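Asks: When we follow numbering that gives the first Met the number 0, the leftmost residue of the sequence shown carries the number 0, and every step to the right adds one. What follows is a structure written as structure tokens; I'll ask about it next.
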Amino acid sequence: MIQFANAEDKQEFSKYPTKAGRRSLSRSISQSSTDSYSSAASYTDSSDDETSPRDKTQVNTHGSSDFCVKNIKQAEFGRREIEIAEQDMSALISLRKRAQGEKPLAGAKVVGCTHITAQTAVLIETLVALGAQCRWTACNIYSTQNEVAAALAELGVPVFAWKGESEDDFWWCIDRCVSTESWQANMILDDGGDLTHWVYKKYPSVFKKVRGIVEESVTGVHRLYQLSKASKLCVPAMNVNDSVTKQKFDNLYCCRESILDGLKRTTDIMFGGKQVVVCGYGEVGKGCCTALKALGAIVCITEIDPICALQACMDGFRVVKLSEVIRQMDVVITCTGNKNVVTREQLDRMKNGCVVCNMGHSNTEIDVASLRSPELTWERVRSQVDHIIWPDGKRVVMLAEGRLLNLSCSTVPTFVLSITATTQALALIELFNAPEGRYKQDVYLLPKKMDEYVASLHLPNFDAHLTELSDEQAKYMGLNKNGPFKPNYYRY
């Protein structure tokens, strides 16, 4: 029992809530602060209607009901988000202006499965401006900005997505996006391979009309190469993930900024002196480690690749086995694209308060399923933050249930997404307009000339001026003055 020195102290203490009251107050503060961090969250999380979108009948102002979003009335707010994103995506706007007259995607019917954010909306509206018809669904159950989905639906783009879908909702949305009698896709834009997988599984006849697949994630590209190796890939596919502009900018520079954004919003953690292990030192891992090190965290790496491991050593990081350091870690971050990188046995050995999250596309890296067992208690602390409580009282902080941290718990820099989106648009244009026979039933990288073009479109933002080769210099180097400037084997 608490002892008070005098009546005034007791009266002052009584102003504050009881334990139960403090818990509810904490939750309300957490929720409101989460909302205030992001304009997207303020509309996404404040809905007072808990009815599933699947059980609603909604119509946009044009009389169409060919969509399924959280609330079509949020369209005006979503339009503002899209307009803000456009200001930092000048390359896509430039692409619209350059190609709008000739409509290079006229006749294209694009079915897309990506994160549905304001930045994606700028891409979708660019594709429409270039002549494409689009239907869209989400590749992640937590990353959809509801108001943006509403704005797209209001525009007339059939969108099937909302934040916080169940697994069943996720596949239902993909199915509704693909399955329609009056419309059949001839192009696929995928992020993670789930859409491509679903079409192969349920609607293989769709591939008779599809001219190509554009895929932008490590996970999805891996699946495409597996199909190709097994001679089951029946259309050409463009691997956008391994284009230089995607690898270096979206994976490296984007994650360098967004990893901290996601962790700070969800945990309010201070990184100075914290022990952090990052699983994987590819481009995503490199970006995460650079940011964490800059804030004073003590970072170590796990790797399977000796080249990446040596890079980590040269950058000043210890390369360890996870099992050797798991007891000391304050934060565990996965970014490998693999499965069961963090196992139940390792989760059992973590210290109290350890934060666990994933920066890879797929939710397979952390064995979250093993934590849904009777002896463990899940306690929702705030949006996308769960405490998993062991019988002895130990708590592990799980973010976004092991799904992609930055797009589930925060946002990512618009400018970087402009680079990725421009790459995706050009890949669609290339595959859709390629003469028959140019691309076989295989996986291709975006032509380097297009990679350079994407970069050049973004240079004006920095008032950057390229040096031009003289005729003599070009001849000496054996190059075309207009590029490409590096051979395909060049490592940037």
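We put the CB at the ideal spot given by N, CA and C, even for glycine. Model, not experiment: these values are computed from the prediction.
Using 8 Å as the cut-off, can you tell me whether the stretch 106–119 makes contact with the stretch 131–147, which would need three or more C-beta pairs spanning the two stretches below that distance?
Replies: The answer is yes - the stretch 131–147 touches the stretch 106–119, with three or more Cβ pairs under 8 Å.
Asks: For the stretch 40–86, list the alpha helix (DSSP H) runs that are entirely contained and at least 4 residues long, ordered along the chain.
Replies: Whole alpha helix (DSSP H) segments, 4+ residues: 74–85.
Asks: Figure out for me which residue from GLU214, ASP189 and VAL234 has the closest Cα to the Cα of PRO203.
Replies: Cα-wise, what sits closest to PRO203 is VAL234.
Asks: Which one or two residues does DSSP pair with GLU364 in a beta bridge?
Replies: For GLU364, which the question treats as bridged, DSSP gives no partner whatsoever.
Asks: Can you look up TYR491 in the DSSP assignment and give me helix, strand or coil?
Replies: It is coil, neither helix nor strand.
Asks: Assuming ASN432 is part of the alpha helix (DSSP H), what are its boundary residues?
Replies: Unbroken alpha helix (DSSP H) run through ASN432: 413–432.
Asks: Considering just the uninterrupted stretch of the alpha helix (DSSP H) at GLN118, what are its terminal residues?
Replies: GLN118 -> alpha helix (DSSP H) spans 117–128.
Asks: If I'm right that ALA107 touches ASN185 with Cβ under 8 Å, what's the distance once you round it to whole angstroms?
Replies: Yes, ALA107 and ASN185 are in contact; Cβ-Cβ is about 6 Å, under 8 Å.
Asks: Around the C-beta of GLU302, are 16 or more other C-beta atoms found within 10 angstroms, so that it is buried, or is it exposed?
Replies: With 16 or more other Cβ atoms within 10 Å, it is buried.
Asks: Just to confirm, are ALA90 and VAL415 a CB contact at a threshold of 9 Å?
Replies: Cβ atoms of ALA90 and VAL415: not closer than 9 Å.
Asks: Are at least three pairs of beta-carbons, each pair with one atom in the stretch 359–376 and one in the stretch 334–344, less than 8 Å apart?
Replies: Output reads yes: the stretch 334–344 touches the stretch 359–376.
Asks: So ASP450 packs on SER216, CB below 8 Å; how close in whole Å?
Replies: That pair is no contact at about 18 Å.
Asks: Is THR218 near GLY401, with beta carbons less than 9 Å apart?
Replies: Against a cut-off of 9 Å, the Cβ pair of GLY401 and THR218 comes out as no contact.
Asks: How should GLY272 be labelled, buried or exposed, when 16 other C-beta atoms within 10 angstroms of its C-beta is the threshold for buried?
Replies: Answer is exposed; the Cβ neighbour count stays below 16.
Asks: Using a threshold of 9 Å, state whether the C-beta atoms of LYS72 and ALA149 are closer than that.
Replies: Yes. Within cutoff.
Asks: Could you check what DSSP says for GLU323 in three-state terms: helix, strand or coil?
Replies: GLU323: helix per DSSP, three-state reduction.
Asks: Where does PHE12 fall in DSSP's three states?
Replies: Residue placement at PHE12 is flagged as unreliable, the pLDDT there being 36, under the threshold of 50; the coordinate-derived value follows with that caveat. Helix, per DSSP.
Asks: Determine, using beta carbons only, whether LEU188 and LEU427 come nearer to each other than 9 Å.
Replies: Contact flag set, yes.
Asks: On the criterion of 16 or more Cβ atoms from any shown chain inside 10 Å, does LYS200 qualify as buried, or is it exposed?
Replies: Exposed is the call here.
Asks: Measuring CB to CB, does LEU129 end up less than 9 Å from PRO103?
Replies: Result yes, Cβ atoms of LEU129 and PRO103 sit closer than 9 Å.
Asks: Going by CA-CA distance only, name the one from TYR475, ASP347 and SER257 that's closest to VAL283.
Replies: Minimum Cα distance to VAL283 is reached at SER257.
Asks: Would you call the stretch 221–236 in contact with the stretch 432–440, where contact means no fewer than 3 C-beta pairs closer than 8 Å?
Replies: At 8 Å Cβ cutoff, the stretches touch.
Asks: Would you identify the three-state DSSP class for GLU378, choosing helix, strand or coil?
Replies: Strand.
Asks: Quick one: does ASN479 have its CB under 9 Å from some CB of chain C?
Replies: Absent from the structure is chain C; it holds one protein chain and no more.
Asks: Beta-carbon separation of ILE387 and CYS356 under 9 Å?
Replies: Contact: no.
Asks: How is the beta strand (DSSP E) around LYS108 delimited, first residue to last?
Replies: Residues 108–113.
Asks: Using a threshold of 9 Å, state whether the C-beta atoms of ALA117 and ILE92 are closer than that.
Replies: Not a contact, by the Cβ cut-off of 9 Å.
Asks: Within 10 angstroms of its Cβ, does HIS61 collect 16 or more other Cβ (buried), or is it exposed?
Replies: HIS61 comes out exposed.
Asks: Look at the alpha carbon of GLU378 and the alpha carbon of TRP389, and state the distance between them as a whole number of angstroms.
Replies: Their backbone Cα atoms lie some 11 Å apart in a straight line.
Asks: Where does VAL205 sit, in a helix, a strand or coil, going by DSSP?
Replies: It is helical.
Asks: Please classify HIS464: does DSSP put it in a helix, a strand, or coil?
Replies: Correct three-state label for HIS464: coil.
Asks: How many angstroms separate the CA atom of LYS292 from the CA atom of THR50?
Replies: Each residue's Cα considered, the two are about 44 Å apart.
Asks: Taking all protein chains shown into account, decide if TRP197 is buried (16 or more other Cβ within 10 angstroms of its Cβ) or exposed.
Replies: Flag for TRP197 reads buried.
Asks: Does the distance from the C-beta atom of GLY77 to that of LEU151 stay below 9 Å?
Replies: Yes, the pair counts as a contact, with Cβ atoms nearer than the cut-off.
Asks: Take THR335 and list the residues in its own chain whose beta-carbon comes closer than 7 Å to its own, dropping the five residues that flank it on each side.
Replies: Closer than 7 Å at Cβ, skipping near neighbours: CYS278, GLY279, GLY359 and GLU364.
Asks: Over the uninterrupted beta strand (DSSP E) stretch that includes ASN145, give me the two end residues.
Replies: Run containing ASN145: none in the beta strand (DSSP E); it sits in the alpha helix (DSSP H), 145–154.
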